[in-house]
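Asker: Going by my numbering, the letters in the sequence shown line up with residues 29 to 236, in that order.
We treat Cβ as the ideally placed atom computed from N, Cα and C, and that holds for glycine.
Please read through the structure below; I'll follow up with questions.
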Amino acid sequence: MALHIIDHPLIQHKISLMRDKNTGTKEFRELVSETATLICYEATRDLPLKEIELATPLGMARTKIVSGRKLAFVPILRAGLGMIDGVTTLVPAAKIGHIGLFRDPDSHQPVKYYAKMPEDISERDVIIVDPMLATGNSAVAAITEVKKLGVKNVKFMCIISSPQGVDAVLNAHPDVEIYCGVMDEGLNDDKYIVPGLGDAGDRIFGTK
């Protein structure tokens, strides 16, 4: 299945707190990071393992470690930056790429203004992160960008999605798995998710 809605009670609880217009910047930023950690736990469930033998204080143990696949996280600037601390808490050795996209206010289409990736990005599995999957245009553009660099395995991780955004990503990139906390009703005339939580970037950085 290409769409994974992670309905863990802690994720749902934290999303509810994020939705509250009275939640301040500090708490909102912490909630985004914590929720990213929890969703990332599920997004990395298929990482391969290998068995090793090591010495514990009481003897030898045959146990397992992650094997064979290197990860990179790519936040879509700027709101995606709010998820990076949360995901690297789980995978501290992952490398970080960045892609900057802004939405043209008239066409609602993404315009790329920045991209910087690890030199070995083509050898890594990539998880693109952005709190909101609204129209899907930015997500599609970011996925296209990393695929152009030779990345074979891409996932997309968000906190709140819309049906339109999910459809856009899966139509353009049917091989990409989407991981999110909840799917909302849809988009308003300004292409924001409703009921949503407002502009995630403004609320993370206190610029609303």
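Quick check: what's the CA-CA separation for P146 versus P85?
Answerer: Straight-line Cα distance between these residues: approximately 38 Å.
Asker: Taking the Cβ atom as the reference point for each residue, do M111 and I206 lie within a distance shorter than 9 Å?
Answerer: Against a cut-off of 9 Å, the Cβ pair of I206 and M111 comes out as no contact.
Asker: Could you name the residues that DSSP lists as bridge partners for E81?
Answerer: E81 is bridged to R90.
Asker: Using the Cα positions of D195 and N50, report the straight-line distance between them to the nearest angstrom.
Answerer: For D195 and N50, the distance between alpha carbons rounds to 31 Å.
Asker: Write down every uninterrupted run of the beta strand (DSSP E) in the segment 123-211 whose length is 3 residues or greater and which is fully enclosed by it, in chain order.
Answerer: Here the runs fully enclosed are 126-131, 138-144, 152-157, 182-185 and 205-208.
Asker: To the nearest angstrom, report how far apart I232 and G87 are at their CA atoms.
Answerer: Going by the C-alpha atoms only, they are around 48 Å apart.
Asker: Considering just the uninterrupted stretch of the alpha helix (DSSP H) at L45, what are its terminal residues?
Answerer: From DSSP, the alpha helix (DSSP H) with L45 extends over P37 to R47.
Asker: Give me the Cα-Cα distance between N216 and L82, rounded to the nearest whole angstrom.
Answerer: If I take the Cα positions, the gap works out to 56 Å.
Asker: With P191 and M211 assumed to form a contact (beta carbons below 8 Å), what rounded beta-carbon distance in angstroms separates them?
Answerer: With 8 Å as the limit, P191 and M211 qualify as a contact, their Cβ atoms being about 6 Å apart.
Asker: Could you have a look at V60 and say whether DSSP puts it in helix, strand or coil?
Answerer: The answer is helix: DSSP assigns V60 an H, G or I state.
Asker: Mapping DSSP to helix, strand and coil, what is V115?
Answerer: V115 falls in the helix class under three-state DSSP.
Asker: I127 and Y142 look like a contact to me (Cβ under 8 Å); what is the Cβ gap, rounded to whole Å?
Answerer: Contact flag correct, Cβ pair sits at about 7 Å.
Asker: Shortest alpha-carbon distance to C68 belongs to which of G193, G114, A170 and D158?
Answerer: Of the listed residues, the one whose Cα sits closest to C68 is G114.
Asker: Would a C-beta distance cut-off of 9 Å place V197 and I171 closer than the cut-off?
Answerer: Result yes, Cβ atoms of V197 and I171 sit closer than 9 Å.
Asker: Ignore the nearest five residues each way along the sequence and tell me which others in V234's own chain have a CB closer than 7 Å to its CB.
Answerer: In the sequence under discussion, the amino acid at residue 234 is Gly, which differs from the Val named in the question. Cβ neighbours of G234 beyond the five flanking positions: T53.
Asker: With distances taken from CA atoms, which of A30, S135 and I43 is nearest P223?
Answerer: Of the candidates A30, S135 and I43, the one whose C-alpha sits nearest the C-alpha of P223 is I43.
Asker: Report the option in A64, A107 and P138 whose CA atom is closest to the CA atom of G229.
Answerer: With distances taken between Cα atoms, G229 lies closest to A107.
Asker: Can you look up L66 in the DSSP assignment and give me helix, strand or coil?
Answerer: It is helical.
Asker: Assuming L129 contacts K140 under a Cβ cut-off of 8 Å, what Cβ separation, rounded to an integer in Å, is found between them?
Answerer: Going by Cβ atoms, the distance from L129 to K140 rounds to 6 Å, so yes, they are a contact pair.
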